[in-house]
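Asker: Below is one structure. I have some questions about it.
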Amino acid sequence: MRITRYKTELDTARHNIIVKESAINYACDKLDSPGVIVKMFNDVFGLNKLAEEYVYLAAFSTAYKVLGVFEVSHGTVDITPANPREIFIRLLLSGASCFVICHNHPSGNCTPSKEDITFTKRLKECSGLMGITFTDHIITGSGYYSFRENSLL
């Protein structure tokens, strides 16, 4: 499968557009479970090795074909600001019908913080309004934590 990383830029009219940053062939048929998704983020982006928190977005088609991966936010050792607006801009521009958020905890402790839980609830509300399915929020570190697997999504 081809994993393409995009970023957003402004065009000459100051409208958001997506721009391809890089692409890699990844030896996997489908990103259809939290464990497989975490493995891809760790293999391709080294998410479990990063010293600061990063939030990534994987946008999918209805058939779970990866439309693109975006770095949404990069913060400090224990926090990174992320806003639904920036996430949904990327989802709409890529034509996604569903998505997964994945972020790292540099401490290695994958237990969600109060802020992680609040952020997930907010994204779930927004996804319902937008009609784009929020499939999972995954935290990686020493192992992983899936909100879907733990019935919090």
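Numbering that gives the first Met the number 0 puts the first residue of the sequence shown at 0, with every later residue one more than the last. No residue lacks a Cβ here, since even glycine has one placed at the ideal position from N, Cα and C. As the structure is a prediction and not an experimental result, all values here were calculated from the model.
1) Would you decide whether N47 is buried or exposed? Buried here means 16 or more other CB atoms lie within 10 Å of its CB.
2) Spell out the partners DSSP gives E70 in its beta bridges.
3) Spatial neighbours of C97 within its chain, please: CB distance less than 6 Å, with the 5 preceding and 5 following residues excluded, ordered by chain position.
4) Nearest-angstrom Cα distance between Y63 and V76?
5) So, with DSSP's three-state summary, where would you put N103?
6) I need the DSSP call for V65, collapsed to helix, strand or coil.
7) Count the other CB atoms within 10 Å of the CB of I102; is the residue buried (16 or more) or exposed (fewer)?
8) Should T11 go down as buried or exposed, given a rule of 16 or more other Cβ atoms within 10 Å for buried?
9) Who are K123's beta bridge partners in DSSP?
Answerer: Working from what's here:
1) Classification of N47: buried, given that the 10 Å Cβ count is 16 or more.
2) Y55, per the DSSP bridge assignment.
3) So the list reads F59, T132 and T134, once near-sequence residues are dropped.
4) Their Cα atoms are separated by approximately 32 Å.
5) Reduced to three states, the DSSP call for N103 is strand.
6) Strand, per DSSP.
7) One point to set straight first is that residue 102 is His, not Ile, in the sequence displayed. By the 10 Å Cβ count, H102 comes out buried.
8) Exposed, since its Cβ has fewer than 16 Cβ neighbours within 10 Å.
9) Residue pairing by DSSP places K123 opposite no residue, since no beta bridge is assigned to it.
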